[in-house]
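Everything on this sheet refers to the single structure shown next.
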Amino acid sequence: MADNQQMTCGPCAASAGPCDGKGKATLKDGVWTSNPISIQVLGVCSALAVTNRLENSLVMGAALIFVCVGSNLFVSLLRDLTPRRVRMIGEVAIIATFVILFDQFLKAYYWDMSKQLGPYVGLIITNCIVMGRAEAFALQNPPVLSMVDGFANGLGYAIALAIIAFFRELLGAGTLLGWTLLPSGFYTPNQLMILAPGAFLTLGFVIAFFNFVNGPKPEEESKP
Amino acid sequence: MTNTHVMIIVVAAIFTNNILLSNFLGMCSFLACSKQLDTAVGLGSAVTFVMTATTILNYAIYHWLLVPLKSEHLAFIVFIAVIAAFVQFVEMFVERFSPKLYHALGIFLPLITVNCAILGASLFMVNRSYTFIQSAGFGLGAGLGWALAIVLIAGLRQKMVYSNVPRPFAGVAITMVVTGIMAMAFMGFAGMVSIQ
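Heads up: the sequence lines are chains Z and F, in that order. Reminder that position 17 of the first sequence reads as 17 in the numbering used here, one-by-one numbering, no gaps. All you need for the numbering used here is the position in the second sequence, starting with 1, plus 1000.
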């Protein structure tokens, strides 16, 4: 089952190796060189779903940083105690616990936001980034470095989400964080950007932009 | 919500509220396994089966066990455990009784545990407070809708191998753009029925 997990989230296996040693390299890796959304294309479900408003995507980014740091820390602490065969279920249980914590926090203090995000908070459990980092990094590295890695990947995810949401909210509603930036006489909001197709198109262009900046990358013919 | 006919939910879940094209669920396996048409058909049918069954199972567990015990906050962890256990069980069952089906479907089954569309269907079912029959219909419709989307995109990607894609777009980026255009096409169904 472990092998298949890696197959689903194809590229996470490729990025497992290069970041042992320094915290700084780990940080840069997560945010830029192998940014989870734009380079590895992991966890895109929620990236597409919550980016219709910048506010939503900031909260979602914070959620992911919290879950990633927490689960990486505990997976790393328990890595010598967990038998290999049951490690997947252990990882899922740890991740689910942190997701439940965050969900309860939102429900208690930010009810409106909890309603807006709906089931997508719960779906962090199956977010390939969290699982992928636990599997590829926290299982082999000491706790503190794993926390740095979790933070870096969460931050990379949050930044990518903010970029996508910036364009979608600005072009789709003419606002940012609820403030009108493009008044209606000057710019007619393009509803399509708020709706589903806008999400796919924006993400496609963001990935293409990252590819363009980072130069040609090796062909991905090995993917299933 | 409680009085919507089950057929309306099935049709809406396939076309107007397609779980992939309008709720963005199951993107990981959608991107990874949509290069070959027959792979897409196999994965699509496995997802449809598992989604229908786990939605029904999770409905029963949520409404007849968690709600009476007032432990709804455990829903996430229970749902994912039910899905993982169900997939393992089906895998063992199929391997034992139908080796032929196992070869056709078996390799896709473990992939499904981590498919967020499966968990998503269960969470939507709770969120929209469906009845038992409606939940079953929603699970079936959402699974069929996901299968339809992945089969369509696999067909397009097989053709796209021969086209001249701009370099930065090669690979995932162009797939996203094509999916976006397909989502626009599916918006044409919007006036037909709607659930929310």
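Ideal Cβ placement from N, Cα and C applies to all residues, glycine included. Small disclaimer: the values here were computed from a predicted structure and weren't measured.
- Query: Just reading off the alpha helix (DSSP H) that Z:Q140 is part of, what are its end residues?
  - Reply: Taking the first residue of the first sequence as 1, we reach residue 140 of chain Z at position 140. Neither: Z:Q140 is in no alpha helix (DSSP H) and is coded neither H nor E.
- Interface residues of chain F facing Z:N211 [CB-CB closer than 7 angstroms]: The residue given as residue 211 of chain Z occupies position 211 in the first sequence. Here the neighbours are P1168 and A1173.
- Query: Three-state secondary structure (DSSP) at F:T1052?
  - Reply: Along the second sequence, one-based indexing puts residue 1052 of chain F at 52. In this structure, F:T1052 counts as helix in the three-state DSSP scheme.
- Does DSSP put Z:L176 in a helix, a strand or coil? For the purposes of this step, residue 176 of chain Z is taken as the residue at position 176 of the first sequence. Three-state DSSP puts Z:L176 in a strand.
- Task: Put F:D1070 into one of helix, strand or coil per three-state DSSP.
- Result: Along the second sequence, read from residue 1 onward, the residue named residue 1070 of chain F stands at position 70. Sequence inspection shows Lys at residue 1070 of chain F; the Asp mentioned does not correspond to that position. Looking at F:K1070 - three-state DSSP - the assignment turns out to be coil, as it is neither helix nor strand.
- Task: Tell me whether the beta-carbon of F:T1016 lies closer than 9 angstroms to the beta-carbon of F:V1193.
- Result: Here residue 1016 of chain F corresponds to residue number 16 of the second sequence, with the count starting at 1. Here residue 1193 of chain F corresponds to residue number 193 of the second sequence, with the count starting at 1. Yes, these two residues count as a Cβ contact at 9 angstroms.
- Message: Please confirm whether Z:G17 has its beta-carbon closer than 9 angstroms to some beta-carbon of chain F.
- Response: Taking the first residue of the first sequence as 1, we reach residue 17 of chain Z at position 17. Confidence at Z:G17 is low in this model, with a pLDDT of 40, below 50, so its placement is unreliable and no value can be given for it.
- Item | chain Z contact residues for F:N1164, given Cβ-Cβ distances below 9 angstroms | Translated into the one-based positions of the second sequence, residue 1164 of chain F becomes position 164. Those do not exist, as F:N1164 stays about 15 angstroms from chain Z at its closest Cβ, beyond 9 angstroms.
- Item | 7 angstroms Cβ shell around Z:A49 - same chain, five flanking residues per side excluded | Taking the first sequence and counting its residues from 1, the one referred to as residue 49 of chain Z is at position 49. Taken in chain order, the residues that qualify are Y120.
- Using the beta-carbon count (16 or more within 10 Å), is Z:P83 buried or exposed? Counting from one through the first sequence, the residue named residue 83 of chain Z turns up at place 83. Exposed, because fewer than 16 other Cβ atoms sit within 10 Å of the Cβ of Z:P83.
- Closest residue to F:S1135 among F:I1118, F:S1071 and F:Y1102 (Cα-Cα distance): As a working note, residue 1135 of chain F is residue 135 in the second sequence. Answer by Cα proximity: F:I1118.
- Completely contained alpha helix (DSSP H) runs for the stretch 1100 to 1159 of chain F, where each covers 4 or more residues: 1109 to 1113 and 1116 to 1127
- Using DSSP with H/G/I as helix, E/B as strand and the rest coil, what is Z:S15? Numbered from 1 along the first sequence, position 15 holds the residue referred to as residue 15 of chain Z. Confidence at Z:S15 is low in this model, with a pLDDT of 40, below 50, so its placement is unreliable and the value that follows should be read with caution. Correct three-state label for Z:S15: coil.
- For F:M1007, name the three-state secondary structure that DSSP assigns. As a first step, residue 1007 of chain F is located in the second sequence; it is residue number 7 there, counting from the start. Helix.
- Query: Given that a residue counts as buried once 16 or more other Cβ atoms are within 10 Å of its Cβ, and exposed if not, what is Z:Q191?
  - Reply: Translated into positions along the first sequence, residue 191 of chain Z becomes position 191. Answer is exposed; the Cβ neighbour count stays below 16.
- So which of Z:Y157, Z:F102 and Z:I89 has the shortest CA-CA distance to F:P1110? Here residue 1110 of chain F is taken as the residue at index 110 of the second sequence, counted from 1. For the residues Z:Y157, Z:F102 and Z:I89, the minimum Cα distance to F:P1110 belongs to Z:I89.
- Query: Going by beta carbon distance, what residues of the same chain come within less than 6 angstroms of Z:G156, once the five residues before and after it are set aside?
  - Reply: On the first sequence, position 156 is the one that residue 156 of chain Z refers to. Cβ neighbours of Z:G156 beyond the five flanking positions: G30, V31, N35 and P36.
- Task: Pick out whichever of Z:A160, Z:S184 and Z:T175 has its Cα sitting closest to the Cα of Z:F205.
- Result: The residue you call residue 205 of chain Z lines up with position 205 of the first sequence. Cα-wise, what sits closest to Z:F205 is Z:A160.
- Item | Helix, strand or coil at Z:P83 according to DSSP, with G and I counted as helix | Taking the first residue of the first sequence as position 1, residue 83 of chain Z is located at position 83. In this structure, Z:P83 counts as coil in the three-state DSSP scheme.
- With a Cβ-Cβ cutoff of 9 angstroms, do F:S1122 and F:T1055 count as a contact? Locating residue 1122 of chain F in the second sequence gives position 122, where the first residue counts as 1. Locating residue 1055 of chain F in the second sequence gives position 55, where the first residue counts as 1. Yes, Cβ-Cβ distance for F:S1122 and F:T1055 is below 9 angstroms.
- C-beta atoms of Z:S57 and Z:A136 nearer than 9 angstroms: Sequence index remark: in the first sequence, residue 57 of chain Z carries index 57 (1-based). Sequence index remark: in the first sequence, residue 136 of chain Z carries index 136 (1-based). No, these two residues do not count as a Cβ contact at 9 angstroms.
- Task: Would you verify that the beta carbon of F:L1057 is, or is not, closer than 9 angstroms to some beta carbon of chain Z?
- Result: Residue numbering aside, residue 1057 of chain F sits at position 57 when the second sequence is read from its first letter. No, no contact with chain Z.
- So, is Z:R133 buried or exposed, given that buried needs 16 or more other C-beta atoms within 10 angstroms? Position 133 of the first sequence, counted from the start, is the residue given in the question as residue 133 of chain Z. Label assigned to Z:R133: buried.
- Query: F:L1020: buried (16+ other C-beta within 10 angstroms of its C-beta) or exposed?
  - Reply: Against the second sequence, residue 1020 of chain F aligns to sequence position 20. Per the 10 Å Cβ criterion, buried.
- Message: Is there a C-beta anywhere in chain F that falls below 9 angstroms from the one on Z:I100?
- Response: As a working mapping, residue 100 of chain Z is identified with position 100 in the first sequence. By this cut-off, Z:I100 is an interface position.
- Listed by chain order, chain Z residues near F:M1007 by CB distance under 7 angstroms: The residue given as residue 1007 of chain F occupies position 7 in the second sequence. Under the 7 angstroms cutoff, chain Z gives no residues; its nearest Cβ is about 24 angstroms from F:M1007.
- Item | Proximity test, Cβ basis, 9 angstroms: F:S1135 and chain C | No chain C appears in the structure shown, which is made up of the protein chains Z and F.
- Starting from F:M1192, trace the alpha helix (DSSP H) both ways and give me its first and last residue. Taking the first residue of the second sequence as 1, we reach residue 1192 of chain F at position 192. Note, F:M1192: premise wrong, no alpha helix (DSSP H); not H, not E.
- Contact check, Z:L123 vs Z:S46, beta carbons under 9 angstroms: Taking the first sequence and counting its residues from 1, the one referred to as residue 123 of chain Z is at position 123. Taking the first sequence and counting its residues from 1, the one referred to as residue 46 of chain Z is at position 46. The answer is yes: Cβ separation under 9 angstroms.
- What separation, rounded to the nearest whole angstrom, lies between the Cα atoms of F:M1187 and F:N1164? Along the second sequence, one-based indexing puts residue 1187 of chain F at 187. Along the second sequence, one-based indexing puts residue 1164 of chain F at 164. Those two C-alpha atoms are separated by around 28 angstroms.
- Message: Rounded to whole angstroms, what is the Cα-Cα separation between F:A1147 and F:I1008?
- Response: What you label residue 1147 of chain F is simply residue 147 of the second sequence in a count that begins at 1. What you label residue 1008 of chain F is simply residue 8 of the second sequence in a count that begins at 1. Straight-line Cα distance between these residues: approximately 19 angstroms.
- Message: With a threshold of 7 angstroms on Cβ separation, who are the neighbours of F:A1046 within its own chain once the five nearest residues in sequence on each side are excluded?
- Response: Along the second sequence, one-based indexing puts residue 1046 of chain F at 46. If we look at F:A1046 and ignore the five residues flanking it on each side, its Cβ neighbours are L1105, F1108, L1109 and I1112.
- Verify the CB distance criterion: does F:F1086 have a CB-CB separation below 9 angstroms to chain Z? Indexing the second sequence from 1 puts residue 1086 of chain F at position 86. Closer than 9 angstroms: no.
- Task: Scan the stretch 123 to 134 of chain Z for residues whose Cβ lies nearer than 8 angstroms to a Cβ of chain F and list them as they occur along the chain.
- Result: L123, I125, T126, N127, C128 and M131
- Task: In the DSSP assignment, find the unbroken alpha helix (DSSP H) run with F:Q1088 in it and report its ends.
- Result: Here residue 1088 of chain F refers to the residue found at position 88 when the second sequence is read from its first residue. From DSSP, the alpha helix (DSSP H) with F:Q1088 extends over A1075 to F1097.
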